[in-house]
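Residue numbers (the UniProt record's numbering): 1 to 318. Cβ coordinates follow ideal geometry from the N, Cα and C atoms, glycine included.
Shown next, in the form of structure tokens:
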């Protein structure tokens, strides 16, 4: 895993020659990263084949991916375990984790909320230990104000300012680098901007564009926009999927690519601050995701896709 201080970027003069970064590059938390990263949530599908899980992460890195999204609750720690063993300091990979929930193995809902400041700190410590580092470059606070899934109740209803105070304290202590927000609404985003934000992770796709105002604000403020469920999510049967749209299928057929690739390509074309973190446990699917960076959508294709009706992503879990 990368140490506290990262080695020189491949972009630096005299630095190592790196693979072309998929999707081109964009700024993120003071660095320049590939616009297509990798989401580690599905590494758990390789739990029975550790070598395959390690190889999948190495495959992404060897293809130029230099930022990976994870969380200690992904696979109840399995994803972080794989990342710790698959990535070395020489890879100069930015690890982005998240807090606000813990794993709930065997439960109807696989997550248990952990929104209190002391719980956020404990989650950061768990990530540090599992990843084998003393600093995580970016940590997202998983709020539950917007988008699909759980909503906090009882002592899990915590004021955002109290959470940001704890996140800022951990940043000042050097335990985390940038602070991100996930599942945040427009009011929360405006309140949080003065604290300094690296990114926002919200559910967002071609067919779920509820958060267009947030996206524009992030672009204006230099905050990366990292959509999750960019193609819908099987966890949420009611969430619309871009691949079901006739316009998406028509564009895919015309370009000789898959509807999934068109859905991801639209995101890259839609706004320059979009970073993708598609997840997969399959090597061929990973290759297809990374190839999205080579897809060009012309004005006619973008017009047809932009005309697709947007529906809400705010659906319950289960």
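* **Local Cβ density within 10 Å of residue 305, reported as buried at 16 or more and exposed below that** => buried
* Answer with buried or exposed for residue 246, where buried requires no fewer than 16 other C-beta atoms within 10 angstroms of its C-beta. => exposed
* To do: For my contact list, residue 76 and residue 105 are in at a C-beta cut-off of 8 angstroms; report their separation, rounded to the angstrom.
  => 5 angstroms
* Asked: If you measure from the CB of residue 145, is any heavy atom of the ligand ADP nearer than 6 angstroms?
  -> The ligand ADP is absent from the structure shown, which contains no ligands of any kind.
* **Same chain, Cβ closer than 7 angstroms to residue 14, five either side skipped, listed in chain order** => Caution is warranted here: a pLDDT of 48 is assigned to residue 14, below 50, making its placement in the model unreliable, and the coordinate value is therefore given only provisionally. Cβ neighbours of residue 14 beyond the five flanking positions: none.
* To do: Would you mind stating whether residue 143 and residue 184 have Cβ atoms separated by less than 7 angstroms?
  => yes
* Asked: The beta strand (DSSP E) spanning residue 138 covers which residue range?
  -> Secondary structure note for residue 138: its beta strand (DSSP E) is the uninterrupted segment 136–142.
* Leaving out five residues on either side along the sequence, give the residues of the same chain with a beta carbon under 6 angstroms from the beta carbon of residue 204. => Cβ neighbours of residue 204 beyond the five flanking positions: 211, 227.
* Asked: Between which two residues does the alpha helix (DSSP H) containing residue 118 stretch?
  -> Residues 117–131.
* **Cutoff 7 angstroms; reference residue 157; Cβ partners in own chain excluding five residues on either side** => none
* Asked: Helix, strand or coil: which one does DSSP assign to residue 246?
  -> In the structure shown, residue 246 sits in a helix (DSSP, three-state: H, G or I).
* **Sheet register partners of residue 94 (DSSP bridge)** => 67
* Asked: Would you say residue 58 and residue 86 are within 7 angstroms of each other, going by their C-beta atoms?
  -> yes
* Asked: Of the choices 60, 49, 24, 53, whose alpha-carbon is the least far from that of residue 288?
  -> 60
* Asked: Among 293, 50, 274, 140, which has the Cα closest to the Cα of residue 171?
  -> Across the set 293, 50, 274, 140, the C-alpha of 140 shows the shortest separation from the C-alpha of residue 171.
* **residue 23 versus residue 264: straight-line alpha-carbon distance, rounded** => 11 angstroms
* To do: Starting from the C-beta of residue 112, find all residues in its chain whose C-beta is less than 8 angstroms away, skip the five residues before and the five after it, and write them out in chain order.
  => 101, 102, 103, 104
* Asked: Taking Cβ to Cβ, would you say residue 192 is nearer than 7 angstroms to residue 138?
  -> no
* Looking at residue 269 and residue 297, is the spacing between their C-beta atoms short of 7 angstroms? -> yes
* To do: Apply the 10 Å Cβ neighbour rule to residue 207 and answer buried if 16 or more other Cβ atoms are within range, or exposed otherwise.
  => buried
* To do: Determine the direct distance from the alpha carbon of residue 73 to that of residue 130, and round the result to whole angstroms.
  => 11 angstroms
* Beta bridge counterpart(s) of residue 31 as assigned by DSSP -> 28
* Unbroken alpha helix (DSSP H) run spanning residue 295, endpoints -> First-last for residue 295: undefined, no H or E at that position.
* Asked: What whole-angstrom Cβ distance do residue 36 and residue 70 have, given they're in contact under 8 angstroms?
  -> In this structure residue 36 is not in contact with residue 70, their Cβ atoms being roughly 16 angstroms apart against a cut-off of 8 angstroms.
* **residue 102 - DSSP class collapsed to helix/strand/coil** => strand
* Asked: How do the segment 272–286 and the segment 216–230 stand: do at least 3 beta-carbon pairs fall below 8 angstroms, yes or no?
  -> yes
* **Unbroken alpha helix (DSSP H) run spanning residue 197, endpoints** => First-last for residue 197: undefined, no H or E at that position.
* Kindly indicate the opening and closing residues of the beta strand (DSSP E) around residue 61. => Careful: residue 61 lies outside any beta strand (DSSP E), inside the alpha helix (DSSP H) at 50–62.
* In this structure, what does DSSP give as the bridge partners for residue 279? -> DSSP output for residue 279 lists 39 as bridge partner(s).
* Tell me which same chain residues have a C-beta within less than 7 angstroms of the C-beta of residue 217, skipping the five on either side of it? -> 189
* DSSP puts residue 182 in a beta bridge; with which residues? -> 142, 201
* Asked: If you count every other CB in all the chains shown that lies within 10 Å of the CB of residue 38, and 16 or more means buried, which is it?
  -> buried
* **Alpha-carbon spacing of residue 233 relative to residue 286, whole angstroms** => The alpha-carbon atoms of residue 233 and residue 286 are separated by roughly 17 angstroms.
* Check each candidate in 307, 115, 252, 310 and name the one with the smallest Cα separation from residue 295. => 252
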